[in-house]
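Enquirer:
Protein chains: 2
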Amino acid sequence: MTLFTGLSAFPLTPIRDEEIDEAAYAGLIQRLVTAGVDSITALGSTGSYAYLTAEERARVARMTVEHAAGIPVFVGIGALRTREVMANVRSAEAAGAQGLLLAPVSYQQLSTDDVFELFRTVTSATDLPIVVYDNPGTTHFTFTLDLYARLAELEGVDSIKIPGQAMSPPDFSAHVERIRAATGNQVTIGISGDAFGAAGLNAGCDAWYTAVGGTLPTPMLAITRAAQNGEADRASELSAELQPLWDLFSEFSGSLRVTAAIAEHLGLVAPHSLPLPILGLTDAQKRKVAEVVATLNLD
Amino acid sequence: MTLFTGLSAFPLTPIRDEEIDEAAYAGLIQRLVTAGVDSITALGSTGSYAYLTAEERARVARMTVEHAAGIPVFVGIGALRTREVMANVRSAEAAGAQGLLLAPVSYQQLSTDDVFELFRTVTSATDLPIVVYDNPGTTHFTFTLDLYARLAELEGVDSIKIPGQAMSPPDFSAHVERIRAATGNQVTIGISGDAFGAAGLNAGCDAWYTAVGGTLPTPMLAITRAAQNGEADRASELSAELQPLWDLFSEFSGSLRVTAAIAEHLGLVAPHSLPLPILGLTDAQKRKVAEVVATLNLD
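Protein chains in written order, with the UniProt record's numbering: chain X, 1 to 299; chain Z, 1 to 299.
Laid out in structure tokens, this is it:
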């Protein structure tokens, strides 16, 4: 279970002329290796997994392991259809992934039983450990504590990636404690929603599944290491210094478009790096992003 | 524009052992031909388009035209990525479709500009007329009147499929009138949400894009013809007689699972006809569906 602790960085999958920009992707992974992240999760929401073909996903999984220099790689396998999920499991296994990330992607609203059965099917078909990916903003599925508990009992479910939310420190600790009690300590708990990374770690989360940390690993590692060393105040301060970045996420509807704009601004990926129909930020919005990058000295 | 009027029936795409049940699908299309529907929309939400590969979608488009005996066929081309949408346009054209249905499917929340640009890209790349598919329950995108107006100005956008909602007859008429005013009479307006079909037609909608009518065309045609003949009360009465069916849709979270259960109960498709992870109704729920089918004499 220590596999799913610390900072797991979610790289973008940069697109160029509708194809994966493999050179840029390799560069993003090498950056994460240099920074010393604890693990890399390829093909998360930040990695645009839902927009790629099975073949593209297999290639990204292979490239990630190839460039990760031994750092554990987890691969997002979510898809609308169970049949596709299983194909992604096979390609992630073949690539040498050490873990899998599974979100209940939906078009038709899924029931709790649909989702449980999906996870049961996947866990019974692979030996790789699985992170339950709770991301209601994109999947439009709402997990309950009871479903967390049922999933944690499945052999192979080793971590839960919970959404971030604004809570006071005592409330956040109580929230994490409730999840831990419900899941009987059978899983690690990872926070997502980057603005809540420090608060989540300080509240007892074992991991930070960080979107922006896939592009800007160094400041996110500083927060993570402070929290891991018991320096909660220091972690909070470091996160507070990044408030202008978190504000961009709120203002521009989430982290993906902002993170892509940062990577484009820093020259890590080519312009228009998101898959259409997602146009990305407007020019005016990109200028605001560039200002924040300069002010905070992000690179 | 008369192409997009009257009853457009949305058949299921039945699944059997994870593959398309082609024999059952052909039977569903022949049923619609026999009933005399005005058009057939293949690969709508009811046709599980989002769950099928590009190749499967091409095959379904071809089969529909092949069995439609000259009845106009529209094909759903929506997909998460513009690249896939364009591939679906090409296969629908090759199949001989007379129209296209496009929903702004999302994983990352789409902006108004993302959606407008998607429709602009598609309309500029095909001569086939397009139905704008407004289905917030599955796409999680909310259209505004202003966006309707912008889309209606695109050459090739010929109809808008609006979601059903509970409104008084005068409010419903005013709602349709507002859309008509905003879109400058450049599109037909079609109601969806089957419980609201009669009310929508009575309120001035030109078309009924009906999910359950893809499986039970005869009662839905009776409602449509009554409304078209100006017999609003008769249309309302016929719809009211089906209230136990509409109640099942409310109770079992939408029309898809209920419609599939009806088709399975009537032997039109094999059991477990929906794509996993969608398990479909439970056995107890299926018994309730069978009771309603018997009570209402549906076949």
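For every residue, glycine included, the Cβ atom is placed at its ideal position computed from N, Cα and C. Note that this is a predicted model, so its numbers are computed, not measured.
Does the stretch 11-20 of chain Z come within contact of the stretch 101-119 of chain Z, defined as at least 3 CB pairs closer than 8 Å?
Expert: no
Enquirer: May I ask you to report which of helix, strand or coil DSSP gives D158/X?
Expert: Three-state result, D158/X: strand.
Enquirer: What residue does the alpha helix (DSSP H) around T5/X start on, and which one ends it?
Expert: Element bounds for T5/X: n/a, residue is neither H nor E.
Enquirer: According to DSSP, is G36/Z helix, strand or coil?
Expert: Here G36/Z sits in coil by DSSP.
Enquirer: Output yes if chain Z places a C-beta closer than 8 Å to the C-beta of R83/X; else output no.
Expert: yes
Enquirer: Among E155/X, L147/X and A61/X, which has the Cα closest to the Cα of I130/X?
Expert: E155/X
Enquirer: When the Cα atoms are used, what is the spatial distance from V85/X to T138/Z?
Expert: 20 Å
Enquirer: Give a yes or no on whether the minimum CB-CB distance between E93/X and chain Z is below 8 Å.
Expert: no
Enquirer: According to DSSP, L221/X sits in a beta bridge with which residue or residues?
Expert: L221/X pairs with nothing; no bridge assigned.
Enquirer: When DSSP builds the beta bridges, which residues end up paired with R16/X?
Expert: Bridge partners of R16/X according to DSSP: E19/X.
Enquirer: So, are the CB atoms of Y209/X and K161/X less than 8 Å apart?
Expert: yes
Enquirer: Taking the continuous beta strand (DSSP E) assigned at L100/X, which residues delimit it?
Expert: Taken as a continuous stretch (DSSP letters only), the beta strand (DSSP E) holding L100/X covers G99 to L102.
Enquirer: Is the beta carbon of G70/X less than 8 Å from the beta carbon of L101/X?
Expert: no
Enquirer: Check whether the Cβ of T138/Z lies closer than 8 Å to any Cβ atom in chain X.
Expert: yes
Enquirer: Is there at least one Cβ from chain Z nearer than 8 Å to D233/X's Cβ?
Expert: no
Enquirer: Kindly indicate which three-state DSSP category A211/X falls into: helix, strand or coil?
Expert: A211/X: coil per DSSP, three-state reduction.
Enquirer: Output, in sequence order along the chain, the residues in the stretch 259-278 of chain Z whose CB is closer than 9 Å to any CB in chain X.
Expert: L274, P275, L276, P277 and I278
Enquirer: Alpha helix (DSSP H) containing F116/Z: first to last residue?
Expert: Element bounds for F116/Z: T112 to T123.
Enquirer: Between the alpha carbons of A199/Z and L216/Z, how many angstroms are there, rounded?
Expert: 19 Å
Enquirer: Keeping to the same chain, check which residues put their C-beta closer than 6 Å to that of M1/Z; ignore five residues upstream and five downstream.
Expert: Note that M1/Z has pLDDT 49, beneath the 50 cutoff, so the model's placement of it is unreliable and no number is given.
Enquirer: Let me know if D299/X comes out buried or exposed under the rule of 16 or more other beta-carbons within 10 Å of its beta-carbon.
Expert: exposed
Enquirer: Below 8 Å on the Cβ atoms is my guess for T82/Z versus P277/X; work out the distance and round it to an integer in Å.
Expert: 5 Å
Enquirer: Could you tell me the alpha carbon to alpha carbon distance between A24/Z and F4/X, rounded to whole angstroms?
Expert: 46 Å
Enquirer: When DSSP builds the beta bridges, which residues end up paired with Y133/X?
Expert: K161/X
Enquirer: If you follow the alpha helix (DSSP H) that G76/X is in, where does it begin and where does it stop?
Expert: Segment V73 to G76 is the beta strand (DSSP E) holding G76/X; no alpha helix (DSSP H) there.
Enquirer: Starting from G47/Z, trace the alpha helix (DSSP H) both ways and give me its first and last residue.
Expert: Run containing G47/Z: none; DSSP gives neither H nor E here.
Enquirer: Using 8 Å as the cut-off, can you tell me whether the stretch 254-264 of chain Z makes contact with the stretch 43-53 of chain Z, which would need three or more C-beta pairs spanning the two stretches below that distance?
Expert: Yes, the stretch 254-264 of chain Z touches the stretch 43-53 of chain Z.
Enquirer: Thinking G193/X and P163/X are a contact (beta carbons under 8 Å), I'd like their distance in whole angstroms, please.
Expert: 6 Å
Enquirer: Any Cβ of chain X within less than 8 Å of the Cβ of Y51/Z?
Expert: yes
Enquirer: Taking DSSP as the reference, what is the three-state secondary structure of G193/X?
Expert: coil
Enquirer: Scan the stretch 146-163 of chain X for residues whose Cβ lies nearer than 7 Å to a Cβ of chain Z and list them as they occur along the chain.
Expert: Those would be none; no residue qualifies.
Enquirer: For T144/Z, name the three-state secondary structure that DSSP assigns.
Expert: If DSSP states are grouped into helix, strand and coil, T144/Z belongs with coil.
Enquirer: Taking the alpha-carbon positions, what's the E18/X to P170/X distance?
Expert: Whole-angstrom Cα-Cα distance: 46 Å.
Enquirer: Quick check on this structure: which residue in N88/Z, A284/Z, I223/Z and G267/Z has the alpha carbon closest to the alpha carbon of R31/Z?
Expert: G267/Z
Enquirer: Please check if any C-beta of chain Z sits within less than 8 Å of the C-beta of G200/X.
Expert: No, G200/X lies away from the interface with chain Z (no Cβ there is under 8 Å from its Cβ).
Enquirer: Tell me the rounded alpha-carbon separation between L145/Z and T282/X.
Expert: 23 Å
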